[in-house]
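Position 247 of the sequence shown, counted from 1, bears residue number 236 in this note's numbering, the numbering being contiguous throughout.
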Amino acid sequence: MVPEDARDSKAAAREFAAEHVRPNSEAYDASGEYPLDIVREAQAAGLAGSYVPEEYGGAGWTLADRLAVVEEWFRADGGIGLALQLVDFGAKVVAMAGSPEQQAQWLPAVATGDEITGLAATEPSGGSDLAGMTTTARREGDEYVIDGEKYWTSNGVVADWIVVYAQTGEQRHDGYSLFVVPTDTPGYEAEPITGKMGLRASQQARLTLDGVRVPAANRLGPEGEGFYRLASFFNYGRIAVAGHGIGLAASALEAAWAYVHDRELYDDPVADNQTVQHRLVESREQFEAARALAWTACEHVMADDNPAFWASLAKSHATRAAEEITQTAVQLHGGEGLREETRANRAYRDVKYPSIYEGANAIQRDLAYSHWPER
Ligand SMILES: Cc1cc2nc3c(=O)[nH]c(=O)nc-3n(C[C@H](O)[C@H](O)[C@H](O)COP(=O)(O)OP(=O)(O)OC[C@H]3O[C@@H](n4cnc5c(N)ncnc54)[C@H](O)[C@@H]3O)c2cc1C
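Written as structure tokens, this is what we have:
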């Protein structure tokens, strides 16, 4: 379960979420606006951007802190939770793949809350296969020129800089590199994606990169290493995404429990039906199993013990359990659960996303199968 050293960050996130996230959940879901005011509050409280290592001014959160905190963010609201978590999305890539000089250049402003970051890997032609992206980065003297399109880039409009994943060679796995691209670079354009059914307060964009020039010094790690660096980065990300499922499932389960106890049908609470009680208990079983696996997987990833297997297993299990739990919660709400304003309905709409992003669950099972450990 939550290790001792992640309990303080979890408690701080829970308190912050109760004060700033939960009360604003419905309004941001309805408006679909990016919650910049809440992001700024979280940055000021040292709760966003906290993955930045301590030597660059951050809180030096571990993966356990991240999981503990996202459970709380997503329990309070998925869309605002995702916006809060992704403030340092690109910064974490720099922390994992960048040199000390690059970290000193890019990370302090994220730690102080002055900058927001992102990561652009997915393209309109597909996001499941990291070795299939077609955006190119061509070397010209001391610069790279980046051309292509990216899709679903979180923070694409609001970020100060984005880490862009692009092709620098012909090889399938050895032909990709990562670049820090300030969003005010000529040729960078971001158009918001609209019409999302859930996670509405988080913001994604379609990017056009048209002759975007960045110094060669903005390349993270050696040329051709991008695929491998991003693949290990996603092992971290998938533990956090397991936390998204757990947080949303917790929200739906709490809402369902409250509803069936409050709601009286012909003088008796809905909760008096034994089948209703059993559905709650089954959901709780699924929830506890998913959470236990997520924390076990987190330990394995932190210990670098077959991280691809554990992260994929945790992500696919937690998000699938969360889909089932939120569906039960909506069912137990009856017609009320079909109204967008209810907490169960919001979780039900939000929960479809983590099953797909950071690699759809079919891809997670491919990964788990190909990294199968001996017992
Ligand atoms: C809210 C949100 C935020 C996001 N943020 C970011 C971000 O910040 N940066 C970024 O780079 N991307 C981001 N993404 C993109 C996300 O990671 C991709 O949507 C995801 O990887 C799936 O890619 P795709 O949508 O292109 O689906 P596709 O690759 O077109 O796949 C479609 C479906 O086909 C099936 N499928 C695909 N391949 C296989 C296979 N090998 N075996 C079996 N079935 C398969 C799966 O069911 C999959 O869902 C975000 C997405 C969302 C929704």
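Heads up, the beta-carbon is just placed ideally off N, CA and C, and yes, glycines get one too.
On a predicted model such as this, the values are computed, not experimentally measured, just so you know.
Is Tyr342 near ligand 1, going by C-beta to nearest heavy atom under 7 Å?
Remark: the C-beta of Tyr342 is in contact range of ligand 1, defined as less than 7 Å to any heavy atom.
For the pair the region 22 to 38 and the region 64 to 75, tell me if three or more CB-CB distances fall below 8 Å.
yes
Using the Cβ count rule (16 or more neighbours within 10 Å means buried), how would you classify Gln266?
Sixteen is the threshold: since fewer than 16 other Cβ atoms of the shown chains lie within 10 Å of the Cβ of Gln266, the residue is exposed.
In terms of DSSP beta bridges, what is Ile151 paired with?
Gly107 and Val170
Could you give the distance in angstroms between the alpha-carbon of Val201 and the alpha-carbon of Thr264?
59 Å
Close Cβ partners of Val59 (< 7 Å) along its chain, the five nearest in sequence each way excluded:
Close CB contacts of Val59 within its chain, under the 7 Å cut and outside five residues either way in sequence, are with Gly70, Gln74, Ala229, Gly232, His233 and Gly236 (chain order).
To the nearest whole angstrom, what separates the beta carbons of Ser(-2) and Trp50, a pair I think is in contact under 8 Å?
6 Å
Does ligand 1 have even one heavy atom less than 7 Å from the beta-carbon of Gly115?
yes
Using a threshold of 7 Å, is the CB atom of Tyr358 nearer than that to any non-hydrogen atom of ligand 1?
no
Heavy atom of ligand 1 within 7 Å of Ile228 beta-carbon
no
Using the rule of at least 16 other Cβ atoms within 10 Å of the residue's Cβ for burial, across every protein chain shown, is Arg354 buried or exposed?
exposed
Just curious, the beta strand (DSSP E) that Asp199 is in, first and last residue?
Gln193 to Pro204
Assign Thr123 to one of three DSSP states: helix, strand, or coil.
coil
Trp95 classed as buried or exposed, judged by whether at least 16 other C-beta atoms fall within 10 angstroms
buried
Only counting the same chain, and skipping five residues up and downstream in sequence, which positions put a Cβ closer than 6 Å to that of Gly87?
Leu209
Let's see if you can read the secondary structure: which residues bound the beta strand (DSSP E) around Pro42?
Per DSSP, Pro42 belongs to no beta strand (DSSP E) and is neither H nor E.
Starting from Tyr248, trace the alpha helix (DSSP H) in both directions and tell me its first and last residue.
Gly215 to Asp251 is the extent of the alpha helix (DSSP H) around Tyr248.
Consult DSSP for Thr142 and reduce its assignment to one of helix, strand or coil.
strand
Does the beta-carbon of Leu327 have 16 or more other beta-carbons within 10 angstroms, so that it is buried, or is it exposed?
exposed
Pick from Gln192, Val41 and Tyr337 that is closest to Leu242, judged by C-alpha positions:
Tyr337
Can the beta-carbon of Ala239 be found closer than 8 Å to that of Arg64?
yes
Within 10 angstroms of its Cβ, does Trp361 collect 16 or more other Cβ (buried), or is it exposed?
exposed
Give me the Cα-Cα distance between Gly348 and Gly116, rounded to the nearest whole angstrom.
7 Å
Considering only heavy atoms of ligand 1, does any lie closer than 7 Å to the CB of Ile180?
It should be pointed out that residue 180 corresponds to Glu in this sequence rather than to Ile. No; taking the cut-off as 7 Å, the Cβ of Glu180 has no heavy atom of ligand 1 nearer than that.
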